[in-house]
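Numbering (the UniProt record's numbering), first residue to last: 1 to 158.
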């Protein structure tokens, strides 16, 4: 299974103090179908799989990460959360609050990065913490175990 994860940011310097509209894209570059789950409750904080872990660095120092969950409860994984990407198909995995809310205040070159991991050894690590529907475990088994990384560089002007 081959897949490509990319981050996209508008070109040009961006003004300080405003979030930069960075978006992710996952593309199936393999010959067969790719089953995947986008960003769901708890996946951007590593509370549950799949992990979609964003962060932002300035001069090698991490300046933005997901907020710690106030409540460890995450909603159930549903059959509607699964997508089947045909060869060449692509998707936006969904909103990443870290990227949507981080507003760089200091001018410089920021590196936005995103790590996707579907590599849980326990299928139950995909389920939520309440109203769990164990029937989705059949779909979890269709998701290949992937680890992907993407970065985008963004200039922030004064």
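No residue lacks a Cβ here, since even glycine has one placed at the ideal position from N, Cα and C.
Since the model is a prediction, treat every value here as computed from it, not as a measurement.
By the CB criterion at 8 angstroms, residue 55 and residue 46 fall outside the cutoff. Excluding residues up to 5 positions away in sequence, 56 and 57 lie with their Cβ nearer than 7 angstroms to the Cβ of residue 63 in the same chain. Cβ-Cβ distances below 6 angstroms link residue 4 to 27 and 29 in the same chain, with the five nearest sequence neighbours on each side left out; the list follows chain order.
Counting every other CB atom within 10 Å of its CB across the protein chains shown gives residue 135 a total below 16, marking it as exposed.
The straight-line gap separating the alpha-carbon atoms of residue 80 and residue 117 is approximately 20 angstroms. Following the DSSP letters along the chain, one finds residue 62 inside the beta strand (DSSP E) bounded by residues 61–64. Under the 10 Å beta carbon count, residue 103 is surrounded by fewer than 16 other beta carbons and is classified as exposed.
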